[in-house]
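J.: Sharing a structure here in structure tokens format.
As structure tokens, then:
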């Protein structure tokens, strides 16, 4: 909702269609489910979609557009990625040389308007639409997409020796994956065929398949545009290129080629730039966690570590911290592998082993650049750990990541790397651990009662982790039925579950004694740390994610 609460109440009460109790209920449910109070009024049956559209249209002095009864400019529609339309409930209706007409469920969302203005470089004219119109448009989007992505046609042309079809196929594959909101694309040669899979909301899905004869030329095309050696087939190669996608503008793509049993496999990581800052709230920090992190990141020196498995958003969290700290008054330098997003006013260095730039010697050189804040993409070895800790000791704020299962395990891990325990106690400010979970699709969400077997699983996990803060489990759970918006999965997008262990005297004393991670964890929970499991249960209770997702990631 992008109206002040008193304005929201006056607006809807004046319509005579809802009561104060209806509005209070809608706000409570909206907060639990992470949805707009506008749409919650409709889903609770307190207001029809038509009445909602009429009220908003009158307030914002905007027209109403019904996608089911009017024709949509398909070329204009495809200007925004499918995932954008799903997430922000907004789509382009028409476009001319000067402006775009933007259909919006919430026409007061200035962030969405600014985003579309940045993407199109045109004036945005908001128009009111219903959620049903958005669902209808998404069906049409997929229909247009299916025509554009005719795998069988390009495969047949390639078999006939038309090399231009290889170029067209890779372009179409990337466009298709970007539109689906994929983070990674895998081109995988099997014994008798070639399969292309994409990671969407953290889950691998097959998006295309080709005859086996397609494998070598398609991987060769990836090598060419990533500036790799086309005639090298027996060694891994890493590269990078930039693609212009109709659905999302310019995308940086990181490439890895790896020899496998039946040929060469290409993995492409799709790195999207963002037109708006990444905030702590955007990536899923709870209010209490956000307050802790705000205090820790503004300390003038020390070390903040982010831990978790590969692919669970550690870099995004580090970038959110950089967004928060970025200012003309400080000198921020980074050493990364790779540089995933570019920042204004931040000096970013790419690891390059061939040129002799590693995390360790790159960090050593950065210290001669008079930095205030340093971000090291990952602490992988003893030398990097030693330099990072001494940088934190000498008046710098150091941000970095580690591969550990939880926040307390980071301290023993650094000791294993050769860092003296007393130095850890003096330098580490806070450790963040995280996992990504899939979010429930807001279009098809529904509630159900907690089954007995799930309650037993929650209780067992609580006992295993020692989460003493969890006094009860939610009796009402949520999941998605599966619909056209989420492609039948019941999920749409991802969010992180976190734990933040802020260092205090108790934790510092344990760190110097070199006790186990389990003992540190027990003390941290006693001192008030919200664990990933507890944070996940709160998101389950609010209808953000499912209990299955939370149990999956905390049991990994």
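In our numbering, the protein residues as written are 641 to 1196.
All residues carry an ideal CB built from backbone N, CA and C; glycine is no exception.
To the nearest angstrom, how far is the alpha carbon of residue 667 from that of residue 692?
T.: Approximately 15 Å between the Cα atoms of the pair.
J.: Quick one: residues in its chain with C-beta nearer than 7 Å to the C-beta of residue 842, no 5 flanking neighbours on either side, listed in chain order?
T.: Answer for residue 842: 1076, 1078, 1134, listed in chain order.
J.: Who are the near neighbours of residue 757 in its chain, counting only those whose CB is closer than 8 Å to its CB and skipping five residues on each side?
T.: For residue 757, where only same-chain residues beyond five positions count, the Cβ hits under 8 Å are 763, 764.
J.: If you drop the 5 nearest sequence neighbours on each side, which residues of the same chain put their C-beta closer than 8 Å to that of residue 655?
T.: Contacts found: 691, 695.
J.: Mind the definition here: the region 1142-1152 touches the region 1117-1127 only if three or more C-beta pairs lie below 8 Å; say whether that holds.
T.: In short, these stretches do not touch, since the Cβ pair count stays below three.
J.: Please name the residue or residues paired with residue 992 in a DSSP beta bridge.
T.: Answer is 997.
J.: Indicate the three-state DSSP secondary structure (helix, strand or coil) for residue 1020 in the structure shown.
T.: Here residue 1020 sits in coil by DSSP.
J.: Assuming residue 752 and residue 707 are in contact, meaning their beta carbons sit under 8 Å apart, how far apart are those beta carbons, in whole angstroms?
T.: Not really, about 17 Å apart at Cβ, beyond 8 Å.
J.: Is DSSP giving residue 1117 helix, strand or coil here?
T.: In this structure, residue 1117 counts as strand in the three-state DSSP scheme.
J.: Kindly indicate which three-state DSSP category residue 730 falls into: helix, strand or coil?
T.: DSSP places residue 730 in strand when its eight states are reduced to three.
J.: Should residue 882 and residue 823 be called a contact, given that it needs their Cβ atoms to be closer than 8 Å?
T.: No, the Cβ-Cβ distance between residue 882 and residue 823 is not below 8 Å.
J.: Strictly by DSSP, which residues pair up with residue 708?
T.: Residue 708 is not bridged to any residue.
J.: Sort 774, 761, 722, 944 by Cα distance to residue 710 and report the nearest one.
T.: Nearest option by C-alpha distance: 774.
J.: In whole angstroms, give me the CA-to-CA distance for residue 1142 and residue 1126.
T.: Roughly 37 Å separates the two Cα atoms.
J.: Nearest CA to the CA of residue 1175: which residue from 1066, 836, 1109?
T.: For the residues 1066, 836, 1109, the minimum Cα distance to residue 1175 belongs to 1109.
J.: Could you have a look at residue 788 and say whether DSSP puts it in helix, strand or coil?
T.: Bear in mind that a pLDDT of 47 at residue 788, under 50, signals an unreliable position, so the model cannot answer this.
J.: Short of 7 Å in beta carbon distance, which residues of its chain neighbour residue 1191, apart from the five on each side in sequence? Order them along the chain.
T.: For residue 1191, where only same-chain residues beyond five positions count, the Cβ hits under 7 Å are 1097, 1101.
J.: Are the beta-carbon atoms of residue 1057 and residue 1032 separated by less than 8 Å?
T.: It is not a contact, given that the beta carbons lie outside the stated cut-off.
J.: Could you check where the alpha helix (DSSP H) with residue 959 kicks off and where it finishes?
T.: Start and end: 954-965.
J.: May I have the straight-line CA-CA distance separating residue 872 from residue 983, to the nearest angstrom?
T.: The alpha-carbon atoms of residue 872 and residue 983 are separated by roughly 34 Å.
J.: Nearest by alpha-carbon distance to residue 744: which of 728, 735, 759 is it?
T.: It is 728.
J.: Below 8 Å, how does it come out for the region 936-943 and the region 893-907: are there three or more Cβ pairs, yes or no?
T.: With the cut-off at 8 Å, the region 936-943 and the region 893-907 do not touch.
J.: Looking at the structure shown, is residue 982 part of a helix, part of a strand, or coil, going by DSSP?
T.: Note: residue 982 maps to coil in three-state DSSP.
J.: So, helix, strand or coil for residue 1105, using DSSP?
T.: Helix, per DSSP.
J.: Would you report the Cα separation of residue 1085 and residue 685, rounded to the nearest angstrom?
T.: If I take the Cα positions, the gap works out to 15 Å.
J.: When you compare the CB positions of residue 902 and residue 831, do they come within less than 8 Å of one another, or not?
T.: Yes, the pair counts as a contact, with Cβ atoms nearer than the cut-off.
J.: How should residue 766 be labelled, buried or exposed, when 16 other C-beta atoms within 10 angstroms of its C-beta is the threshold for buried?
T.: Counting Cβ neighbours within 10 Å, residue 766 comes out buried, since at least 16 surround it.
J.: Determine whether the beta carbon atoms of residue 825 and residue 835 lie at a separation below 8 Å.
T.: Contact flag unset, no.
J.: Which of helix, strand or coil does DSSP assign to residue 880?
T.: Strand, per DSSP.
J.: My guess is that residue 974 and residue 986 are in contact by the Cβ rule of under 8 Å, so how many angstroms apart are they, rounded?
T.: Yes, residue 974 and residue 986 are in contact; Cβ-Cβ is about 6 Å, under 8 Å.
J.: If you compare alpha carbons, which of 717, 741, 759, 933 is closest to residue 781?
T.: Closest by alpha carbon: 717.
J.: Three Cβ pairs or more, each shorter than 8 Å: is that satisfied between the region 917-932 and the region 851-865?
T.: Touching, no, given that fewer than three Cβ pairs across the two stretches are closer than 8 Å.
J.: Measuring only the C-alpha atoms, how far is residue 737 from residue 1039?
T.: Spanning the two alpha carbons is a distance of roughly 45 Å.
J.: Short of 6 Å in beta carbon distance, which residues of its chain neighbour residue 905, apart from the five on each side in sequence? Order them along the chain.
T.: Excluding positions up to five away in sequence, the list reads 828, 898.
J.: How many Å lie between residue 915 and residue 966 at the Cα?
T.: Residue placement at residue 915 is flagged as unreliable, the pLDDT there being 46, under the threshold of 50; the coordinate-derived value follows with that caveat. When rounded, the distance between both Cα atoms is 16 Å.
J.: Quick one: which unbroken alpha helix (DSSP H) runs of 4-plus residues sit fully inside the region 1028-1079? Chain order, please.
T.: Runs found: 1050-1056, 1061-1067.
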